[in-house]
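Data first, discussion second: the structure below is written as structure tokens.
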Amino acid sequence: MGMHNPAHPGEILKKLVLAPLGLTVTEAAGHLGVSRKTLSKVLNGRGTVTPEMALRIEMTFGKPDAAHWLRLQNAYDLWHARQHSRMIDVLPITAHAV
6 MGMHNPAHPG
16 EILKKLVLAP
26 LGLTVTEAAG
36 HLGVSRKTLS
46 KVLNGRGTVT
56 PEMALRIEMT
66 FGKPDAAHWL
76 RLQNAYDLWH
86 ARQHSRMIDV
96 LPITAHAV
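With positions in the sequence shown counted from 1, the corresponding number in my numbering is that position plus 5.
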């Protein structure tokens, strides 16, 4: 069974990594080597944690690793896609009797 409405990974990054370290968005963006605007989008759920951003987070803060951040982003994206799955028009393949 999937997670119910998972948090955006940016929200997790903000609350569990940046806040405990007392880092501002500007300071964190500087350490990550990205613009303040780019990081702000991720932290506010308007941007995604890309593979490159996941590596930047891993290299800057250590744990958890990049794969963890990508799993969080994937879970978030998949949950939201499932909310709109009725609008996806596909023709399922059915097994044929042999």
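For every residue, glycine included, the Cβ atom is placed at its ideal position computed from N, Cα and C.
Skipping 5 residues on each side, what residues in its chain have a beta carbon closer than 8 Å to that of S40?
To locate residue 40, count along the sequence shown from 1; it is residue 35. So the qualifying residues of the chain are A34.
Assign V47 to one of two classes, buried (16 or more other C-beta atoms within 10 Å of its C-beta) or exposed (fewer than that).
The residue labelled residue 47 in the question sits at position 42 within the sequence shown. By the neighbour-count rule (16 or more Cβ atoms within 10 Å), V47 is buried.
Rounding to the nearest angstrom, what Cα-Cα distance links T31 and N10 in this structure?
By one-based count along the sequence shown, residue 31 stands at place 26. By one-based count along the sequence shown, residue 10 stands at place 5. Each residue's Cα considered, the two are about 29 Å apart.
Under 8 Å, with one C-beta from each stretch per pair, do the stretch 71–81 and the stretch 52–61 reach the 3-pair mark?
Three or more beta-carbon pairs drawn from the stretch 71–81 and the stretch 52–61 are found closer than 8 Å, and the two stretches are therefore classed as touching.
Within its chain, find whatever has a CB closer than 6 Å to the CB of S45; leave out the 5 residues flanking it on each side and keep chain order.
By one-based count along the sequence shown, residue 45 stands at place 40. Around S45: V30.
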